[in-house]
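What follows is a set of notes on a single structure, which appears directly below.
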Amino acid sequence: MNNFKQKKISSVQLEEGQKIPLTIKRLGINGEGIGYFKHKIVFVTGALPNEVVVAKVTKVLPKYATAEIHRIRRTSSDRVSPRDVYQVGGIELEHLAYPQQLNFKQDLVKQALEKYRPQGFKKYQILSTVGMKNPYFYRNKAQFQVREKGGKIIAGLYRRGTHEVVDLPDFSTQGLLTMKVVRQVCHLIEKLGIPAYNEKNNSGIIKTLIVRESFSTRQVQLTIVTNSAKLIHQTALIQEIHQTLPEVVSIFQNVNPGRQSLVWGEKTKILFGQEKITEQLGTKKYNLSVRAFFQLNPQQTAKMYQIVADALALKPTDHLLDAYCGVGTIGIFLADQVNSVRGMDTIPEAINDAKENASINNCSNAEYVCGTAEDVLPLWLHQGFHPDAAIVDPPRVGLDQRLLEALLQSKPQRLVYISCNPSTLARDLVKLARIYQINYLLPVDMFPQTPRAEVVVKLTLK
Numbered sequence: 051m052n053n054f055k056q057k058k059i060s061s062v063q064l065e066e067g068q069k070i071p072l073t074i075k076r077l078g079i080n081g082e083g084i085g086y087f088k089h090k091i092v093f094v095t096g097a098l099p100n101e102v103v104v105a106k107v108t109k110v111l112p113k114y115a116t117a118e119i120h121r122i123r124r125t126s127s128d129r130v131s132p133r134d135v136y137q138v139g140g141i142e143l144e145h146l147a148y149p150q151q152l153n154f155k156q157d158l159v160k161q162a163l164e165k166y167r168p169q170g171f172k173k174y175q176i177l178s179t180v181g182m183k184n185p186y187f188y189r190n191k192a193q194f195q196v197r198e199k200g201g202k203i204i205a206g207l208y209r210r211g212t213h214e215v216v217d218l219p220d221f222s223t224q225g226l227l228t229m230k231v232v233r234q235v236c237h238l239i240e241k242l243g244i245p246a247y248n249e250k251n252n253s254g255i256i257k258t259l260i261v262r263e264s265f266s267t268r269q270v271q272l273t274i275v276t277n278s279a280k281l282i283h284q285t286a287l288i289q290e291i292h293q294t295l296p297e298v299v300s301i302f303q304n305v306n307p308g309r310q311s312l313v314w315g316e317k318t319k320i321l322f323g324q325e326k327i328t329e330q331l332g333t334k335k336y337n338l339s340v341r342a343f344f345q346l347n348p349q350q351t352a353k354m355y356q357i358v359a360d361a362l363a364l365k366p367t368d369h370l371l372d373a374y375c376g377v378g379t380i381g382i383f384l385a386d387q388v389n390s391v392r393g394m395d396t397i398p399e400a401i402n403d404a405k406e407n408a409s410i411n412n413c414s415n416a417e418y419v420c421g422t423a424e425d426v427l428p429l430w431l432h433q434g435f436h437p438d439a440a441i442v443d444p445p446r447v448g449l450d451q452r453l454l455e456a457l458l459q460s461k462p463q464r465l466v467y468i469s470c471n472p473s474t475l476a477r478d479l480v481k482l483a484r485i486y487q488i489n490y491l492l493p494v495d496m497f498p499q500t501p502r503a504e505v506v507v508k509l510t511l512k
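In structure tokens form, the structure reads like this:
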């Protein structure tokens with residue numbers, strides 16, 4: 051952007067509360083509508099492409115402004131009535147017809163490639179997003195804040211841009227069993243008079259309920275996050291949960307004192323039942339400890355892993371690398387098809403789970419090590435391990451540059467990159483495209499009603 055244009059944008063006079071007319075051009079990466087007021091970009095929560103709106107400005111910054119809809123003058127034919135009317139995250143696109151949500155996620159990949167411009171990107175094949183038949187009730191885990199409001203115990207998520215908890219008596223993206231457990235535990239907390247956390251005063255006890263359900267076994271794992279180590283009426287609470295919610299097979303307490311931005315504290319102890327619950331994908335079973343990462347949408351995860359298997363076209367002689375392996379889900383899913391699997395992760399509990407999961411699935415050819423991929427892979431290469439195929443499934447920040455260099459050094463013939471962030475994916479493809487052919491990019495809708503998607507990329511050594 052040249053200096054003249056920057057000065058022109060900066061000179062646009064807008065004030066908070068001002069109402070302005072806008073034509074929405076497209077959706078931004080967070081699902082907000084994008085319009086322009088005298089060349090200044092305005093992000094409008096809840097607005098859709100091709101809509102004409104009167105927007106109320108909520109924040110003004112030098113390069114852009116944010117706004118909310120005051121009135122819609124022309125409504126998009128893709129607008130639908132959302133099931134949920136809460137102003138919280140996790141449902142940012144619920145007002146957009148589902149086929150258009152899938153198109154939007156495909157377009158996000160195109161936008162990211164156009165920004166970073168990896169070699170040959172204009173010729174990349176971006177396939178249609180893999181969606182769900184029923185894009186609701188898919189999340190197997192909830193982390194709901196607990197508060198007291200008007201004498202009642204509530205649980206839910208923060209209102210967008212605030213620390214005000216919105217009570218969620220129902221929530222259409224969450225598993226039904228998860229919501230049943232949350233509501234009943236809130237009722238029991240209220241019944242027993244256990245104080246909920248008060249953030250303003252940093253007082254009270256129960257801060258957060260973390261509920262994870264297994265879609266295959268219907269087991270539930272409950273973690274009660276507390277402000278102090280002491281949980282009053284603990285015995286009575288556990289007895290009541292056991293009697294009224296037999297699906298809850300394990301209860302943990304995590305202690306996280308004070309005004310923390312992180313949900314989890316350092317200390318976790320088991321209060322009742324078994325330490326792990328079991329989930330199943332295809333023919334493979336996975337035991338999940340309380341803090342182990344597992345994909346939030348088991349139905350789409352099984353689809354995605356089959357897509358990965360098809361992309362890798364594995365052979366019985368192959369040695370497979372599973373970087374960022376977590377509890378070993380994808381490596382174990384593919385272990386029957388290869389000679390060996392090696393995986394690494396930085397969380398000790400995840401590696402312990404991965405080793406256990408390999409054992410219960412009789413995967414004697416799978417080996418898991420605790421450490422960063424960028425440290426472990428060069429060591430393995432030095433020891434003579436050379437992967438024929440590799441899977442990388444990094445966090446949103448993308449591949450560590452040392453791991454990227456190690457991949458470029460080891461040059462596995464076939465590589466699949468699973469990304470939860472199209473932007474960092476496109477950035478990493480700049481280096482990978484130097485020695486790999488990008489066969490295709492396939493978005494998978496793991497998070498319907500949100501702007502987030504996973505992308506499976508098939509790469510073949512040139």
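Okay, so the sequence shown: first residue is 51 according to this note's numbering, each after it adds one.
We put the beta carbon where it would ideally sit given N, CA and C, even for glycine.
Please state whether DSSP places residue i in a helix, a strand or coil.
i: K508; result: strand
i: Q63; result: coil
i: Q234; result: helix
i: H292; result: helix
i: V358; result: helix
i: K241; result: helix
i: Y86; result: strand
i: L364; result: coil
i: F54; result: Because F54 sits at a pLDDT of 46, beneath the cut-off of 50, its placement in the model cannot be relied upon, and the point is left open.
i: Q487; result: strand
i: A246; result: strand
i: T258; result: strand
i: T500; result: coil
i: P99; result: coil
i: E142; result: coil
i: Y148; result: helix
i: P132; result: coil
Could you pull the start and end residues of the beta strand (DSSP E) that residue i belongs to?
i: V340; result: Element bounds for V340: n/a, residue is neither H nor E.
i: A117; result: Y114 to R124
i: T328; result: I327 to L331
i: H369; result: H369 to A373
i: V419; result: A416 to C420
i: R392; result: S390 to D395
i: P71; result: K69 to T73
Assuming the contact rule is C-beta atoms closer than 8 Å, residue i and residue j should be a hit. Round their C-beta distance to whole Å, please.
i: P185; j: Y148; result: 5 Å
i: L72; j: V94; result: 6 Å
i: V104; j: H120; result: 5 Å
i: S390; j: N412; result: The pair is not a contact, with the Cβ atoms about 14 Å apart (cut-off 8 Å).
i: A456; j: E424; result: 7 Å
i: Y374; j: D395; result: 6 Å
i: I255; j: I244; result: 6 Å
i: L26; j: V216; result: The structure shown does not extend to residue 26, since the chain spans only 51 to 512, so no value can be given for it.
Label residue i either buried or exposed according to how many other C-beta atoms from any shown protein chain fall within 10 Å of its C-beta, with 16 as the threshold for buried.
i: T333; result: exposed
i: E504; result: buried
i: Y490; result: exposed
i: K319; result: exposed
i: A363; result: exposed
i: V447; result: exposed
i: V38; result: The structure shown does not extend to residue 38, since the chain is modelled only from 51 through 512, so no value can be given for it.
i: E66; result: exposed
i: V507; result: buried
i: H432; result: exposed
i: R123; result: exposed
i: V130; result: exposed
i: S469; result: buried
i: A97; result: buried
i: I410; result: exposed
i: F54; result: Residue confidence for F54 is low, a pLDDT of 46 falling below 50, so the modelled location carries little weight and cannot support an answer.
i: R484; result: exposed
i: S126; result: buried
i: N309; result: In the sequence as presented, Asn is not what sits at residue 309; that position holds Arg. So R309 ends up on the exposed side.
i: H436; result: exposed
i: T367; result: exposed
i: N252; result: exposed
Can you give me the start and stop residues for the alpha helix (DSSP H) that residue i sits inside?
i: L475; result: P472 to L482
i: K106; result: Counting along the chain, K106 falls outside any alpha helix (DSSP H), though it belongs to the beta strand (DSSP E) covering V102 to V110.
i: Q433; result: A423 to Q433
i: E399; result: P398 to I410
i: T379; result: T379 to L384
Practice item. Please go through the region 437-465 and give each complete alpha helix (DSSP H) segment of 4 or more residues, from N-terminal end onward. Key: 451-460
### In chain order, each beta strand (DSSP E) run of at least 3 residues that lies wholly inside the region 150-228
191-199, 202-208 and 215-217
Contiguous beta strand (DSSP E) assignments of at least 3 residues, all confined to the region 262-320
270-276 and 298-305
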